[in-house]
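A.B. asks: Letter by letter, the sequence shown follows residues 1338 to 1521 of the working numbering.
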Amino acid sequence: MSNKRIKEYISDGKMDITNIIKDFAGYVFIIIKNSKYYFNSEDIEEIASDVFLAIWQNREKLDVTKEIKPYIAGITKNLILKKKRTITNQNLNIEILEKSIQDNIDVYNKTEEHEKTTIIMEELKKMKEEDRKIFTSYYYSSKKIKDISRELSVSEIKVKSRLSRIRKKLKKELEKRGYGYERK
C-alpha cells in the first residue's frame, strides 16, 4: 500500500476510487485524528469524504507516475486546515451575533430607561414643590423618611403617604404610556 503509484489504481483508463478508499481510509482518519485540532466525528467523516472526492474530481490532472500516499496526505492536511478555518469563522460569527444581540438588548434597555426617566421628570415638573422635594430627596438623594420630614417640617406619616400617592400617580402615567413600573 505505501509505495503504490496512482497508475496502479487505474484500469481500462478509469480510476478505481473504491480500492483507493479501501486502502487509504484508515490512513486518512489517522492523519485527521493526529492533527493538532479537535474535530467531532461528523467533521472527521466529512474531511475524509472530501479527500476522496478531491482525488476523484482531479483524477485527470494527477501525475500517474507519482505515489498516491503523499498526495492523499497533502489533500488531507489542506482539508483539515480548511475545516478548522470554517469552524473558527462559524464560532467567530456566533460570538459576533451574540455580542450584537446583547448590544441591541442593552441599547433597548437604556432607551427604555431613558424614556421612563423622561416621563417621570415631566410628571415631577407638574407636581407641587413639596411633593417634588419629597420624591427627589427619597429616590434621587437616598435620604431617609425621617430626614426628609425634618427638612420639610412635616410628619413622617405625611412623607410616607405622599410618597405612596406619588408612586401610584407615576405608575399610572407609565402604564398609560406603555411602560411597566418596577419599584426598586
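Built from N, CA and C at the ideal position, the CB exists for glycine as well.
Helix or strand or just coil, what does DSSP make of lysine 1351?
C.D. replies: DSSP places lysine 1351 in strand when its eight states are reduced to three.
A.B. asks: Could you please give the first and the last residue of the uninterrupted alpha helix (DSSP H) stretch that includes tyrosine 1476?
C.D. replies: 1466–1476
A.B. asks: Starting from the Cα of serine 1372, find the closest Cα among Lys1481, Lys1495, Val1401 and Ile1417 and give me that residue.
C.D. replies: Ile1417
A.B. asks: According to the neighbour-count rule (16 or more other Cβ atoms, all chains shown, within 10 Å of its Cβ), is arginine 1499 buried or exposed?
C.D. replies: buried
A.B. asks: Between the alpha carbons of alanine 1391 and glutamine 1439, how many angstroms are there, rounded?
C.D. replies: 41 Å
A.B. asks: Could you tell me how far apart the beta carbons of threonine 1402 and lysine 1344 are, in whole angstroms, since I believe they sit closer than 8 Å?
C.D. replies: So it is a contact: roughly 7 Å between Cβ atoms.
A.B. asks: Suppose you measure from the CA of threonine 1355 to the CA of arginine 1342; what does that come to, to the nearest Å?
C.D. replies: 15 Å
A.B. asks: Can you give me the C-alpha to C-alpha distance between glutamate 1493 and arginine 1504, rounded to a whole angstrom?
C.D. replies: 16 Å
A.B. asks: Here's a check: name, in chain order, each residue in its chain whose Cβ is nearer than 8 Å to the Cβ of isoleucine 1347, leaving out the five neighbours to either side.
C.D. replies: Closer than 8 Å at the Cβ level, and outside the excluded window around isoleucine 1347, lie Asp1353 and Val1401.
A.B. asks: Here's the rule I'm using: 16 or more other beta-carbon atoms within 10 Å means buried, otherwise exposed. How should lysine 1521 be labelled?
C.D. replies: Caution is warranted here: a pLDDT of 47 is assigned to lysine 1521, below 50, making its placement in the model unreliable, and the coordinate value is therefore given only provisionally. Burial call: exposed.
A.B. asks: I need the straight-line Cα distance from serine 1479 to lysine 1497, nearest angstrom please.
C.D. replies: 14 Å
A.B. asks: Looking only at its own chain, which residues have a Cβ that is under 7 Å from the Cβ of phenylalanine 1389, when we skip the five neighbours before and after it?
C.D. replies: Taken in chain order, the residues that qualify are Ile1354, Ile1357 and Ile1358.
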